[in-house]
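Working notes for the structure below.
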Amino acid sequence: MKKNNLNIHNLITYGIVVAAFLFVSILVWTGNASRHLQAMLVPIGLNIILAVSLNLIVGFLGELTLGHAGFMSVGAYAGCLFAIKYAEILPTAVRFPLAMIIGGLVACVFGIIIGVPVLRLKGDYLAIVTLAFGEIIRSIIINLEFTGGASGLKGTPQNSNFYIVFVVIMITLVVITNLVNSRAGRAICSIRDNRIAAESLGINITYYKLLAFVIAAFFAGVAGVIYGHNLSILQASVFDYNRSIEILVIVVLGGMGSIRGSVIAAVIITALPEMLRSLADYRMLIYAVVLIAMMLLNGSQKFDKYKGRMNIGGLFTLLKNKKSAKEAG
Amino acid sequence: MALLEIKNLGISFGGLHAVDNFNASVEKGCLYGLIGPNGAGKTTVFNMVTGVYKPTCGTIHLDGKNLTGKNSIQINKQGIARTFQNIRLFSNMSVLDNVKLGLQNQIKYSVAQGIFHSRSYKRKEKEMDEKAISILKVFGLENEYNYLASNLPYGKQRKLEIARALATTPKLLLLDEPAAGMNPNETGELMDTIRFVRDEFDMTILLIEHDMKLVAGICERISVLNFGTELASGKTEQVLNDPRVITAYLGE
Amino acid sequence: MKKITGILSLVMVLTIIATGFSACGGNGDADKNTLVIGGIGPLTGDYSTYGVSVKQGAQIAVDEINAAGGVNAIKFELKFEDDETDATKAVNAYNTLMDDGMKVSLGAVTSGACIAVTEEAKKDGILLLTPSGSQKECTQYDNCFRICFTDPQQGTVSADYIADNLTAKKIAIIYDKSNDYSVGITDKFVAEAAVKGLEIVAKQAFTSGTSTDFSAQLQQVKDTGAELVFLPIYAKEAAFILKQAKTAGIAVPFFGCDGLDGILEKLGTDNQALANGVMLLTPFAADADDTKTKNFVKVYGEKYNGQVPDQFAADGYDAIYTIKAAIEKAGINDINAADFNTKIIDAMTQVTVEGLTGTMVWDESGDASKDAKAVKITDGTYVAI
Amino acid sequence: MSFISNLINGLSLGSMYALIALGYTMVYGIAKMLNFAHGDVIMVGAFTMFTAAATLKFSPAISIIAGIIVCTLLGVIIEKIAYKPLRKASPLTVLITAIGVSYFLQSLALLIFGSNQKSFPMLFNFEPIRVNEDLILKSDSLMTMGVTILIMVALTLFINKTKTGRAMLAVSEDKGAAELMGVNVNKTISITFAIGSSLAAVAGLFFGLTYGFIGPYTGAMPGIKAFVAAVLGGIGNIPGAMLGGILLGVIENLSKAYISTELSDAIVFAVLIIVLLVKPTGLMGKKINEKV
């Protein structure tokens with residue numbers, strides 16, 4: 000009975016993504032999609048992958064990190080350097096997936112290198128240390144020759160497109176939701192809920208923390224590779240702490256531990272500043288106001304009762320409560 | 000030989016001797032009580048036995064194996080499980096998941112099998128569900144399996160914590176004030192449950208409790224701690240009638 | 000959390016629908032004979048001053064041309080989008096502009112964003128004329144051209160000028176490690192300095208955005224006994240450096256490239272004395288005597304609240320006039336003609352434009368060849384040397 | 000000689016970080032939230048003083064007071080509107096809101112003042128003190144250092160000796176218990192923000208005086224550096240913020256001078272990481288034992 004609920008919940012999430020994908024695909028095929036929309040699809044997809052993977056650390060493991068952009072950057076550079084090297088030798092169908100895997104694995108390695116020492120830290124201290132690591136990585140990339148330094152890395156084949164991103168999103172969703180609903184996922188959540196109790200049950204805290212960290216880093220790395228293949232230039236400056244914060248904003252807005260929320264919030268946070276382009280000078284101001292308003296609506300108890308009545312989600316909750324009441328009765 | 004052997008156990012925090020020279024020997028299958036006034040160091044003993052604190056001196060042996068200085072995770076794997084004075088459930092997870100976390104090291108499959116939801120994942124998960132439900136049934140919680148742990152009433156949360164500890168199939172179960180906050184009815188029920196657990200699972204239980212009715216009702220042997228030192232220990236009736244113990248509790 | 004996802008899903012659907020169909024509204028201007036020129040650059044964020052300058056400079060040129068009745072009955076319209084110096088957002092901006100009927104692109108103001116945009120412009124085959132994208136790859140395709148110097152040009156020319164005209168032999172460099180423009184010039188400068196027998200005694204880096212304190216770098220300059228400090232950086236940071244150099248008691252001359260233009264404006268009236276003796280190699284000086292520059296500075300100040308245009312503004316202005324020249328040269332009178340793109344791109348290599356930043360002609364590489372003027376700042380004015 | 004100069008330069012940079020970190024750490028220590036907008040309040044303070052002195056031609060004293068008043072009010076208003084409704088929400092929600100406030104202040108300044116940097120009026124004019132040809136002491140830096148120490152001492156005394164200060168300590172320990180003991184939690188947190196923001200105004204003043212130029216994004220990087228300084232010293236700890244700030248400045252400057260200007264940021268962050276690995280709650284932070 001419980002399993003079914005869970006499966007249905009996940010299927011709805013997958014369904015939303017597939018439906019959105021089909022909807023947009025139809026728009027594109029019928030020529031109704033604006034160029035702007037088409038250009039936004041890959042960045043939106045990337046943010047979905049990044050947010051869902053970061054949610055594993057922030058939402059499920061319950062640790063705050065500000066270094067996700069750092070993992071994205073090492074993945075991007077590793078994957079793109081590989082792709083440039085083998086651009087002529089391997090066909091795209093082999094090279095691109097291989098580049099993604101390489102980028103993901105390199106990010107994993109960094110996840111381990113960084114995770115082993117820092118995961119002893121907690122809360123804001125962990126946040127600042129991961130931020131520091133992200134900035135160190137960026138600083139080193141700028142100073143290296145083979146990464147192109149400040150001028151950026153050029154010549155990555157532009158293989159990214161909406162369809163590939165969709166496939167990777169689906170893989171990310173399935174892997175992360177399945178992980179969360181498995182033995183390892185339960186252990187990760189138990190660390191969030193009560194570390195001491197988890198230890199008392201013999202759960203290896205360090206191992207599971209690192210596991211969450213490394214899996215999240217993998218997907219960040221893959222997202223980096225896709226990012227690198229979407230533009231003809233890869234510059235380290237985009238991977239600064241503001242990028243990490245942007246992903247964190249998505250996760251928090253979507254709801255910590257809610258994968259579906261991350262997906263939806265990724266669309267909103269990526270699309271919002273783009274939609275506000277017509278406001279010209281007032282764009283970032285309005286963006287800031289909307290961001291604050293959304294956080295207040297989300298987090299403030301004052302608005303709770305309105306939320307319950309005024310939206311679809313609230314309706315669902317209401318129906319479900321009735322149903323479970325009936326079952327209990 | 001006793002299941003749990005504690006010898007000369009002591010710990011000091013910055014010069015303060017929280018526990019000093021504590022000895023206990025808990026036989027297999029025994030229901031052993033640890034009592035004493037507030038601040039006597041009872042929970043500190045638990046924390047040392049379960050590896051939360053490292054003792055400054057003394058030894059702890061379980062079944063002949065030296066556990067002194069091991070961490071909580073290793074100690075649980077050696078067969079000691081516990082509950083906490085201030086309930087520590089995984090409050091955002093379901094009742095069932097709480098118990099399944101206790102089964103974490105009993106029923107295993109790899110991370111990859113979990114990610115791909117392989118056949119072995121499905122089989123093992125089913126096995127876990129069944130096992131967890133059977134444990135929940137002991138505590139009468141099987142109907143609430145899908146509730147969030149934090150939504151359970153207080154008494155049931157205490158029971159769930161015991162159920163979760165039991166799921167790790169320990170040799171020794173440590174209960175830190177299991178009856179705290181319960182009404183007399185619930186306490187009575189809990190006493191039955193503890194006895195049942197002992198008999199059904201062939202369990203050795205060490206418990207801290209302030210409720211003398213419970214202690215006198217189920218404990219076969221007890222130790223009394225006062226100001227970090229052992230005041231008395233032995234058979235329950237003897238100890239409870241010991242004038243030193245009465246003084247310690249009631250004052251002079 | 001469920002409640003929130005409810006709100007969010009609703010907004011998401013609206014988002015997609017809104018953006019998905021926004022294409023329908025944009026092309027309204029296309030039937031009129033109005034040429035939509037699209038500019039992209041940072042209008043917010045740390046680098047926003049450059050984007051804003053280009054936008055304002057280009058707008059003045061567009062206004063002038065339209066006031067004069069357009070060119071071959073074609074009116075110009077400038078649409079400018081923010082990219083926050085981010086390549087992804089630049090591509091988004093480019094596509095927004097395409098939805099809005101852009102026919103000629105000003106690329107992007109910063110190099111990284113511009114390079115990303117060249118890919119898109121290549122696919123569309125439209126003319127891309129970047130005012131200020133100075134990296135080599137900004138003009139990597141046949142349809143891409145630029146107004147400004149390339150970084151290597153500036154590095155070489157600066158080293159040559161110092162070696163040939165000045166007495167200083169021991170040179171210190173303070174450059175922006177995180178900025179491609181600055182790194183590009185520095186690399187070429189160092190190479191050329193070696194050829195010309197200049198000694199680089201200190202090469203000090205900083206990171207723009209995170210740096211306001213240059214005392215360590217200036218201390219090095221002082222310790223090494225440099226006779227001249229080369230500043231291949233933008234005026235924003237240079238203002239900080241000049242101010243701190245004075246406090247640190249550094250009296251050697253400073254030498255910069257076109258990025259240093261606008262330094263007087265950045266220093267503000269209180270601090271203009273700090274710029275005394277600063278030399279820079281720039282195609283544009285706001286204090287030049289020619290009527291064109293004077294007029295531009297006057298109009299710019301009137302329109303934009305007393306601001307003084309910098310080289311970015313001049314580049315933007317020149318870019319628009321270059322487009323005008325190309326249209327005239329190609330004899331285009333209908334912007335919707337099928338061969339508009341090929342005609343205007345072909346014309347680019349044939350035009351000669353006398354702009355604010357000098358007289359420019361373009362070759363196949365897309366780079367403008369023009370002369371740099373060496374100027375020295377004396378008592379708040381630029382003096383040609 | 001140049002080592003001494005470098006060290007002095009590091010100290011002056013460090014005292015700037017320390018000054019900003021004091022406000023940061025104070026708000027964190029009491030209200031238990033990372034006020035990411037703190038750096039931007041500094042920027043607002045600097046721009047207020049700029050407007051008062053350069054545009055409206057007020058006297059320096061009035062300009063400075065205006066800056067402090069505006070920042071104090073701004074701090075209280077931000078707290079009322081953006082943070083107070085979230086008192087019971089997760090710390091992350093508050094963090095993101097603070098980031099939103101930061102964006103808001105930046106965009107607002109960009110709209111009002113434009114993207115060009117402004118030359119900060121010299122409200123005081125001090126000549127640098129020349130000890131000899133090589134050694135020059137910057138008087139504005141000496142001022143910064145003096146003021147920072149003064150503020151640190153004043154803050155410590157205020158928190159430990161006054162009634163309001165003790166109320167703050169109570170709130171920082173346990174909001175619920177403080178409320179039961181008759182402490183007005185909302186008022187106490189408001190006062191905390193008022194003090195923190197007025198400190199930001201002071202930091203804005205000295206930033207402007209020392210570096211001379213301000214822009215809409217002036218506050219962002221000092222904000223992050225001050226955050227680092229506060230964490231280095233043990234976040235929430237007032238003398239710790241001072242120590243962290245000074246150390247950060249000295250390390251940054253010495254690594255620029257003797258190791259590499261290219262990698263100085265990386266070195267500073269690496270030092271932070273090493274310190275935290277050895278002392279997980281910062282140099283002067285208390286070790287917190289979780290009660291089991």
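Chains as they are written, first to last, in numbering that gives the first Met the number 0: chain A, 0 to 328; chain B, 0 to 251; chain C, 0 to 384; chain D, 0 to 291. Note that CB positions come from ideal geometry on N, CA and C, so glycine has one too.
Are the Cβ atoms of residue i and residue j separated by less than 8 Å?
i, j, result
"Pro221(D)", "Leu122(D)", "no"
"Leu63(A)", "Leu125(A)", "yes"
"Tyr23(D)", "Phe205(D)", "no"
"Arg34(A)", "Asp179(C)", "no"
"Ile101(A)", "Gly78(A)", "yes"
"Phe268(D)", "Glu134(A)", "yes"
"Pro183(B)", "Ile161(B)", "no"
"Val164(A)", "Leu45(A)", "yes"
"Phe188(C)", "Gly224(C)", "no"
List the residues of chain C that residue i touches, going by C-beta distances under 8 Å, in chain order.
i, result
"Arg282(A)", "Thr43 and Asp81"
"Pro120(D)", "Asp269"
For residue i, count neighbouring Cβ atoms within 10 angstroms of its own Cβ and tell me buried if that reaches 16, exposed if not.
i, result
"Pro84(D)", "buried"
"Leu8(B)", "buried"
"Asp39(D)", "buried"
"Ser131(C)", "buried"
"Lys136(B)", "exposed"
"Glu325(B)", "This structure cannot settle anything about residue 325(B), because the visible part of chain B is limited to 0 through 251."
"Ala22(C)", "No answer about Ala22(C) holds up, because its pLDDT of 44 lies below 50 and its placement is not dependable."
"Pro120(D)", "buried"
"Ile245(B)", "exposed"
"Asn320(A)", "At Asn320(A), the pLDDT of 49 sits below 50, so the modelled position is not reliable; the number obtained from the coordinates is stated separately. When all chains shown are included, Asn320(A) counts as exposed."
"Glu87(A)", "exposed"
"Ala324(A)", "In this prediction, Ala324(A) scores a pLDDT of 46, lower than 50, which makes its location untrustworthy; no coordinate-derived value is stated."
"Leu15(B)", "exposed"
"Leu127(C)", "buried"
"Ser277(A)", "exposed"
On the DSSP bridge list, what partners appear for residue i?
i, result
"Ala80(B)", "Leu172(B)"
"Glu229(B)", "Leu224(B)"
"Phe75(C)", "Leu34(C)"
"Cys56(B)", "Gly9(B)"
"Ala383(C)", "Val374(C)"
"Tyr31(B)", "Leu205(B) and Arg220(B)"
Just to make sure I have the definition right: I need the residues of chain B whose C-beta is within less than 7 Å of the C-beta of residue i. Which are they?
i, result
"Arg259(A)", "Neighbours of Arg259(A) on chain B: none; closest Cβ ~17 Å, over 7 Å."
"Asp239(A)", "Chain B residues near Asp239(A): none, gap ~31 Å exceeds 7 Å."
So residue i contacts chain A; which residues on that side make the cut at Cβ distance below 8 Å?
i, result
"Thr92(D)", "Val251, Met294, Asn297 and Gly298"
Can you name the residues of chain D whose CB is closer than 8 Å to the CB of residue i?
i, result
"Ile163(A)", "Those do not exist, as Ile163(A) stays about 30 Å from chain D at its closest Cβ, beyond 8 Å."
For residue i, which residues in chain A fall below 7 Å Cβ to Cβ?
i, result
"Gln134(C)", "Ser150"
Can you pull the chain B neighbours of residue i, defined as C-beta to C-beta under 8 Å?
i, result
"Ser52(A)", "Those within 8 Å of Ser52(A) in chain B number zero; the least Cβ separation is about 13 Å."
Listing by chain order, which chain C residues have their CB less than 9 Å from the CB of residue i?
i, result
"Ile135(D)", "Thr246, Ala247 and Gly248"
"Tyr210(D)", "Thr211, Asp212, Phe239, Lys242 and Gln243"
I want to verify the contact list: residues of chain B whose CB lies under 9 Å from the CB of residue i, in sequence order.
i, result
"Val174(A)", "Ile114 and Phe115"
(request) Mind listing, in chain order, the continuous alpha helix (DSSP H) runs of no fewer than 4 residues lying wholly within the region 95-170 of chain B? (result) 110-114, 118-137 and 153-166
(request) Please go through the region 272-319 of chain C and give each complete alpha helix (DSSP H) segment of 4 or more residues, from N-terminal end onward. (result) 290-302
(request) Starting from the N-terminal side, write out each stretch of the alpha helix (DSSP H) that is 4 residues or longer and does not extend beyond the region 118-187 of chain C. (result) 150-164
(request) Kindly provide the ranges of any beta strand (DSSP E) runs that are 3 or more residues long and lie completely inside the region 181-261 of chain C, ordered along the chain. (result) 198-205, 227-230 and 253-255
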